[in-house]
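Read top to bottom, the protein sequences are chains P and C. Heads up: take any position in the first sequence, counting from 1, add 16, and you land on our numbering. Heads up: take any position in the second sequence, counting from 1, add 7, and you land on our numbering. Below is one structure; the comments refer to it alone.
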Amino acid sequence: MNIELSTYYNLFLVSSPTVDTSILWNFTFLFIGLGVLYFGFIFFFKSKLSKIALKTASTRAELAPIISNFLFHSAQDSKDDQKEYINLKIEIREYLRNKTFRKILAEILFDLQKDVAGTTEERLFKLYRELGLHHDAFSKLKSWRWQVISQGILELTQMQVGESYQLITKFINDRRGPIRKQAEIATIKLRDEGIEFILDSTTYAISEWQQLKMIEALSGLKDYSPPRFKSWLISENTDVVLFALRLIKHYNQNDAAASIIELVKHKNNHIKLAAIQCIKDFNFKEAKSTLRAVFLDCTDEVKIQILSAVALFGDASDIPFLNGVSIKETNFLVCSKASGAINIISPDTVLPTKDIKNTKPSDLELEVDLEKVQPTIIHSDETTTVSLSEDYLEIETAEETDVYEVDDSPKHEKSIENIEIAETIVQDLKVERPNENKDILPEKEIIVQSQENDELNTGKLEEVFEFGSMDQETDASLNNELGLLSSKDDDLPNITSNSDELEEEYAMMTFEQKNTFIDTIESLTDVKQIGLLEEIMEKEDESELRFKAFKKLQLLKTNFPVVKILENEYSESNDTEEDVTVLEENVLESKGLEKDIELPSVFLPLYQKTWDLDSKLILIKEMESLGDEKEVFFLRTLIDSNELRISKSAKKAIVAIENRISDNSEYVDVIPVLKNEEVSMTSNNKESALIEPTTQLNDEASAIIEEQQTILNDDNKLPLELCFLYDEFGINAPKNEEEEESLFDFEISEEFFLNLDKKEENEH
Amino acid sequence: MKKQILLAEDDAMLASLLNYRLEKGGYEVVLKNDGKEVKEWLNQSLPDIIVSDIMMPYFSGIELVDYIRNDLKSTVPIILISSASNEENVLSAFEMGANDFISKPVSPSELLVRVSREISRVN
């Protein structure tokens with residue numbers, strides 16, 4: 017039986033659970049009934065509401081002409097109109113007994129009150145009271161619901177029911193905000209003294225919005241005479257004080273200066289701001305001292321307002337105060353306001369500094385500055401030469417302005433011709449120097465190179481003077497005065513005076529000849545060749561030759577310490593460059609050397625870079641231990657040293673080295689034959705090489721032996737002093753041979769092969 | 008003969024009040040509650056003067072002015088009633104050809120004076 021009633025057959029874990037069909041039907045009927053009931057209620061109430069709305073509309077339509085008649089009735093109307101008016105009065109009294117009708121009538125009057133003005137509005141107010149509708153509003157005030165009370169207050173306010181004033185003022189300090197706010201507005205609108213009552217009696221806060229609403233209500237009052245609001249500046253309610261300040265400002269009551277200035281010291285920032293605003297509006301200059309006094313204790317917002325006030329009526333006496341503020345204040349806005357105030361009081365005192373580029377003379381200004389240089393030009397047949405005196409080149413480097421000014425000397429007034437001062441380069445002006453006049457520069461090339469655009473904008477003009485055959489004194493003095501860079505390498509002597517012939521010869525050569533010529537410069541056989549190499553580096557069109565000259569010059573500078581000696585000797589003397597050759601020969605002779613000898617010592621650069629006596633003595637000692645003929649040559653130069661200890665050590669070292677060389681001559685045979693061949697080949701290639709191969713072999717052999725014997729101590733360690741020297745000059749210490757062997761020992765030992773044989777035997 | 012005034016106002020109470028005042032002022036008032044009714048009535052006849060609210064359903068006061076001036080090619084005086092917030096609409100209505108406007112809240116007495124002035128100007 018159960019199976020027949022069930023909707024589905026029950027299959028375990030497959031079919032849904034069985035539900036009694038009768039229960040489903042019962043639920044269906046239940047929900048249908050609920051739905052019908054729901055929609056029935058909806059239709060019932062909707063039709064009821066519609067009926068009420070229709071009835072209200074019809075009532076309003078009926079009442080509209082009645083109200084119009086009441087509103088526009090006058091004693092001058094015709095008798096028929098007077099009669100109709102009386103009938104309507106009787107009719108409406110009947111209606112007024114109905115509460116709903118009164119409500120509708122009140123609504124009509126409230127609506128009309130919004131749309132009509134003038135006498136019609138006044139008649140409307142009167143009609144409202146005559147119909148006794150205000151009693152309904154009074155009764156609303158007794159309600160316990162805040163919205164009903166508010167509605168009652170609003171109706172009484174709208175219809176200007178003056179009798180309700182006393183009733184409404186009771187709600188001024190109501191704990192419910194909406195009622196309180198409605199009462200405040202009503203109090204103001206109903207009587208002129210309403211605002212005074214509020215300010216006197218309110219104990220609650222008055223929001224800014226409410227203050228604005230009350231000010232708006234006050235503004236809507238006709239023939240309103242506001243009280244002196246300064247009376248409420250002493251109120252204990254800060255909101256009342258604040259409202260009073262705003263009312264003072266609104267009604268321009270500027271007779272409260274003392275109280276307002278005192279309020280700047282108030283704890284409340286809003287009151288401070290309002291007081292400062294009043295001070296600004298009324299231009300109370302006497303408030304300056306108070307404003308400055310309270311400044312430090314104020315918030316940033318108040319500080320800005322104070323500064324704004326000071327800017328408004330401040331004078332020069334306030335600038336120190338403003339300066340102090342702009343320096344000491346950490347807030348950017350306050351600092352900025354202070355600076356702005358200074359500029360208002362004293363315009364253009366504070367100028368913008370942030371992101372301002374350091375302006376330099378423009379290109380045009382630079383050209384004008386350069387035009388101030390009026391070098392004297394002497395016309396020759398072929399070229400235009402310019403005589404420049406040092407007076408013309410008094411270039412003042414002004415650090416602050418970074419403007420290079422070139423003074424003009426009145427005694428040189430010859431005109432300038434054919435000088436192009438272009439945007440980028442002013443170059444190749446040949447300057448002729450009369451030999452007899454030391455004040456005028458010698459022959460030289462002046463290259464005024466203006467830099468890239470950026471540097472041009474900053475007005476930085478780098479002027480490079482290349483000095484040719486200029487004497488040392490002039491060179492030094494000019495450099496000192498001008499602070500200009502000389503393109504001449506300071507490591508080399510200025511030896512170019514007599515290189516004109518060489519240059520001419522070089523200029524006549526072909527590319528191949530030039531190439532060979534540069535290759536032949538292998539030593540300092542002719543010092544003039546250094547100058548020639550420099551000339552090649554600068555003027556040669558072929559980059560390959562320029563590079564070759566550069567490499568050659570670098571090689572000569574590093575490999576030939578004689579250059580240094582010559583340089584030192586040359587720099588100490590005041591001789592002219594014409595005596596360079598003689599000087600060179602004298603120096604070499606005084607050192608007991610042949611002119612073309614090629615004996616650079618590895619100790620020479622070390623010694624030159626050593627500044628203390630102890631280190632020098634250590635170096636001499638090391639030379640004594642390691643040195644050969646090269647060191648002997650160098651040590652001989654030290655014998656004449658002013659320092660006795662160096663002189664004695666040098667002599668001792670020379671004796672030791674010479675003895676060692678003579679003792680170790682037998683080791684020459686130890687040098688491999690290949691080495692001998694290399695040396696001989698090298699010597700054959702060098703036409704200018706004067707050193708015999710055997711001598712060189714002796715040196716190298718002795719060096720190898722000495723290294724093996726002396727560098728390492730008994731415990732195979734370097735002397736401590738030498739370690740410091742190696743470390744100081746970045747020299748890698750020689751490695752122990754045993755270490756090297758162990759590092760690079762790739763040979764297979766016999767033991768390995770023996771083990772291998774044993775393994776094979778075991779396998780078999 | 009009474010001058011005919013077409014009063015177009017969607018607020019029934021205000022319309023009734025103004026209607027009463029204008030009738031009492033000696034004018035024949037035709038009251039219409041929306042723009043559609045006004046347009047239909049204007050297709051049949053033209054009043055001596057039109058007093059219309061700017062904000063009306065279906066057909067605004069500005070459209071009404073445009074319709075009268077451009078479609079009907081009529082120079083009948085038009086006084087517009089507007090709230091203060093519709094000042095831009097009033098200006099555009101003047102550009103369309105409205106003769107006068109009065110803002111809410113309306114003083115019925117003032118409106119009566121303006122109507123009489125416009126009618127006397129046309130005459």
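C-beta atoms are modelled at their ideal positions from N, C-alpha and C, and glycine is treated no differently. Please read all numbers here as calculations on a predicted model, not as lab measurements.
Who are residue i's beta bridge partners in DSSP?
i, result
"residue 10 of chain C", "C:34"
"residue 132 of chain C", "In the structure as shown, chain C starts at 8 and stops at 130, and residue 132 of chain C therefore has no counterpart that could be examined."
"residue 87 of chain C", "C:59 and C:108"
"residue 132 of chain P", "C:113"
Let's test the definition: count the other Cβ atoms within 10 Å of the Cβ of residue i and tell me whether it reaches 16, buried, or not, exposed.
i, result
"residue 67 of chain C", "buried"
"residue 191 of chain P", "exposed"
"residue 90 of chain P", "exposed"
"residue 144 of chain P", "buried"
"residue 349 of chain P", "exposed"
"residue 778 of chain P", "exposed"
"residue 248 of chain P", "buried"
"residue 26 of chain C", "buried"
"residue 524 of chain P", "exposed"
"residue 8 of chain C", "exposed"
"residue 129 of chain C", "exposed"
"residue 218 of chain P", "buried"
"residue 259 of chain P", "buried"
Nearest to residue i by CA position, among the options, is which residue?
i, options, result
"residue 338 of chain P", "P:187, P:617, P:353 and P:329", "P:353"
"residue 157 of chain P", "P:141, P:182, P:147 and P:146", "P:182"
"residue 12 of chain C", "C:42, C:109, C:97 and C:86", "C:86"
"residue 42 of chain C", "C:25, C:32, C:73 and C:28", "C:73"
"residue 54 of chain C", "C:114, C:21 and C:34", "C:34"
"residue 28 of chain C", "C:118, C:110, C:51 and C:130", "C:118"
"residue 663 of chain P", "P:187, P:637 and P:220", "P:637"
"residue 200 of chain P", "P:179, P:166 and P:175", "P:166"
"residue 287 of chain P", "P:256, P:64 and P:347", "P:256"
"residue 188 of chain P", "P:215, P:171 and P:623", "P:215"
"residue 139 of chain P", "P:291, P:110, P:147 and P:87", "P:87"
"residue 653 of chain P", "P:666, P:643, P:660 and P:644", "P:666"
"residue 211 of chain P", "P:254, P:263 and P:567", "P:263"
To the nearest angstrom, report how far apart residue i and residue j are at their CA atoms.
i, j, result
"residue 626 of chain P", "residue 367 of chain P", "55 Å"
"residue 49 of chain P", "residue 41 of chain P", "12 Å"
"residue 483 of chain P", "residue 658 of chain P", "Any reading at residue 483 of chain P needs caution, since the residue's pLDDT is 40, under 50, leaving its predicted position unreliable; the model's value is listed next. Distance between the alpha carbons of residue 483 of chain P and residue 658 of chain P is about 35 Å."
"residue 238 of chain P", "residue 19 of chain C", "30 Å"
"residue 76 of chain C", "residue 103 of chain C", "8 Å"
"residue 56 of chain C", "residue 82 of chain C", "10 Å"
"residue 670 of chain P", "residue 549 of chain P", "36 Å"
"residue 345 of chain P", "residue 246 of chain P", "34 Å"
"residue 364 of chain P", "residue 94 of chain C", "46 Å"
"residue 79 of chain C", "residue 103 of chain P", "45 Å"
"residue 531 of chain P", "residue 561 of chain P", "7 Å"
"residue 112 of chain P", "residue 118 of chain P", "6 Å"
"residue 228 of chain P", "residue 320 of chain P", "25 Å"
"residue 186 of chain P", "residue 226 of chain P", "18 Å"
"residue 678 of chain P", "residue 519 of chain P", "47 Å"
"residue 603 of chain P", "residue 528 of chain P", "Model confidence at residue 603 of chain P stands at a pLDDT of 47, short of 50, so the residue's coordinates are unreliable; what they give is reported in the following sentence. Cα-Cα distance, rounded: 35 Å."
"residue 309 of chain P", "residue 283 of chain P", "14 Å"
"residue 656 of chain P", "residue 526 of chain P", "48 Å"
"residue 150 of chain P", "residue 116 of chain P", "15 Å"
For chain D, check one thing: does any of its Cβ atoms lie closer than 7 Å to the Cβ of residue i?
i, result
"residue 82 of chain P", "No chain D is part of this structure, whose protein chains are labelled P and C."
Measuring from the CB of residue i, is there a heavy atom of the ligand MG at a distance below 6 Å?
i, result
"residue 61 of chain P", "Among the components of this structure there are no ligands whatsoever, and the ligand MG is therefore not found."
- Item | Residues of the region 129-152 of chain P whose Cβ lies closer than 9 Å to any Cβ of chain C, in chain order | 129, 130, 131, 132, 133, 134, 135, 136 and 137
- Using a beta-carbon distance cut-off of less than 8 Å, what residues from the region 35-46 of chain C approach chain P? none
- Selection of the region 271-286 of chain P by Cβ proximity to chain C, strictly under 7 Å: none
- Closer than 9 Å, Cβ to any Cβ of chain C: which residues of the region 106-131 of chain P, in chain order? 124, 127, 128, 129, 130 and 131
- When Cβ atoms are compared, which residues of the region 91-117 of chain C fall closer than 9 Å to chain P? 111, 112, 113, 114, 115, 116 and 117
- Item | Against chain C: residues of the region 85-107 of chain P by CB proximity under 8 Å | 85, 87 and 88
- Task: Quick one: which residues of the region 59-76 of chain P get their C-beta closer than 7 Å to a C-beta of chain C? List them in chain order.
- Result: 76
- Contact set between the region 65-93 of chain C and chain P, restricted to residues whose Cβ is under 7 Å from the partner: none
- Message: At a CB distance below 8 Å, what residues from the region 8-21 of chain C approach chain P? Give them in sequence order.
- Response: 18, 19, 20 and 21
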